[in-house]
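S.K.:
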Amino acid sequence: MRRLLALIFALCSVLIFSQTKEEKLNEIFSLDAQVNGYQSFFDMKTKSFISKLDKKDSLEMIKIKQKYYSKKALTKKLISIYSQKFTNQEIDEIYSFYTSPLGKKMLNTLPLIMQEMQNEYAGIDLKIKKIVKKYQDNQEDKREKPIPIDREDGFYNTLNSHSTDNTLKDLRLSKKLAVSINEIKHIKRMENGLGSPVIDILLTESGAKKFKKLTENNMGKSIAIVMNGYIISAPKVNEVIPNGRIQISGNFSEEEVQQIINKVNKQRLK
Numbered sequence: 237m238r239r240l241l242a243l244i245f246a247l248c249s250v251l252i253f254s255q256t257k258e259e260k261l262n263e264i265f266s267l268d269a270q271v272n273g274y275q276s277f278f279d280m281k282t283k284s285f286i287s288k289l290d291k292k293d294s295l296e297m298i299k300i301k302q303k304y305y306s307k308k309a310l311t312k313k314l315i316s317i318y319s320q321k322f323t324n325q326e327i328d329e330i331y332s333f334y335t336s337p338l339g340k341k342m343l344n345t346l347p348l349i350m351q352e353m354q355n356e357y358a359g360i361d362l363k364i365k366k367i368v369k370k371y372q373d374n375q376e377d378k379r380e381k382p383i384p385i386d387r388e389d390g391f392y393n394t395l396n397s398h399s400t401d402n403t404l405k406d407l408r409l410s411k412k413l414a415v416s417i418n419e420i421k422h423i424k425r426m427e428n429g430l431g432s433p434v435i436d437i438l439l440t441e442s443g444a445k446k447f448k449k450l451t452e453n454n455m456g457k458s459i460a461i462v463m464n465g466y467i468i469s470a471p472k473v474n475e476v477i478p479n480g481r482i483q484i485s486g487n488f489s490e491e492e493v494q495q496i497i498n499k500v501n502k503q504r505l506k
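Read in order, the letters of the sequence shown correspond to residues 237 to 506 in the working numbering.
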């Protein structure tokens, strides 16, 4: 009987401690506003294109936000990560600091410090924005218009190199398709370091093998990308790409990027 009582007591202690740890972590996340930060980050990532999505994609984004970026989902994930990274004693110490007068002062003062830093760097940020805008305007002026071509959408060998001296219209494409868009597993919009949209692609296993061969055979040359019956880009191959992860940048507009993504997704669902 004593052993049974001891076991029950031990189990109860574990449950109580577990609940206490979760409660402490919940308060930590409330104090340092981590959950709100991740929710704001999601909104910031999606605000540039969310209003341009069609009904189906808009509903999908809402589902993603509800499933992965709700307060409950984020808190659950953070509790799991903190439990892996910190011991119970360390969580106790973090909690003790955050709830101490100094910890509360630090957390309350951080937004003010960040605001002062933003004010201090406002002039510098403006200079950076001007340089970036000048670069983007120059790239827009240099942007080649897509060239119509009677080819299936996908990736092609080129029969002549796409150097700085010629344009997309000078390209001669192989008649044989190297990698079809049907071998695209995932496609999404991303941004480069300057905030311009790029197309991020992950190929299937078979597509990755074909693309690896395509890049191996075209080192120092260009490969052509055909979408919607147009040559949209002809990037120069500087290295072998073995994993099927591709990023296409060609100074695309947001509308062009979305058209390409929609076309690929529609084709994949056939």
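Where a beta carbon is used, it is the ideal one built from N, C-alpha and C, also for glycine.
1. For the region 304-372, list the alpha helix (DSSP H) runs that are entirely contained and at least 4 residues long, ordered along the chain.
2. Applying the criterion that 16 or more other CB atoms from any shown protein chain within 10 Å of the CB defines a buried residue, is residue 345 buried or exposed?
3. Provide the residue(s) that pair with residue 507 in DSSP beta bridges, ordered along the chain.
4. Near residue 383, what residues of its chain come up, given a Cβ to Cβ distance below 7 Å and the 5 sequence neighbours on each side ignored?
5. Hey, quick one: how far does the beta strand (DSSP E) through residue 463 stretch, first residue to last?
6. Does the beta-carbon of residue 419 have 16 or more other beta-carbons within 10 angstroms, so that it is buried, or is it exposed?
7. Sort out for me which residues DSSP pairs residue 466 with in a bridge.
8. Identify the continuous alpha helix (DSSP H) that holds residue 282 and give its terminal residues.
9. How is residue 258 classed by DSSP in three states: helix, strand or coil?
10. At least one CB of chain C closer than 7 Å to the CB of residue 473: is that the case?
11. Per DSSP, residue 433 forms a beta bridge with which residues?
M.R.: From the atom records:
1. You should have 307-321, 324-334, 337-356.
2. As a working mapping, residue 345 is identified with position 109 in the sequence shown. Classified as exposed, residue 345 has fewer than 16 neighbouring CB atoms from the shown chains inside 10 Å of its CB.
3. Absent from the structure is residue 507, since the part of the chain shown begins at 237 and ends at 506.
4. Counting from 1 along the sequence shown, the entry for residue 383 is found at position 147. Hits under 7 Å: 404, 405, 466, 467.
5. Looking up residue 463 in the sequence shown gives position 227. Segment 459-463, the beta strand (DSSP E) holding residue 463.
6. Here residue 419 refers to the residue found at position 183 of the sequence shown. Residue 419 counts as buried, since no fewer than 16 other beta carbons sit within 10 angstroms of its beta carbon.
7. As a first step, residue 466 must be located in the sequence shown, where it is residue number 230. Residue 466 pairs with 384, 463.
8. For the purposes of this step, residue 282 is taken as the residue at position 46 of the sequence shown. First-last of the alpha helix (DSSP H) with residue 282: 270-282.
9. Here the question's residue 258 lines up with position 22 in the sequence shown. Here residue 258 sits in helix by DSSP.
10. Given the protein chain composition of this structure (a single chain), no chain C is represented.
11. Residue 433 sits at position 197 when you count from the first residue of the sequence shown. Looking at the DSSP assignment, residue 433 forms a beta bridge with 427.
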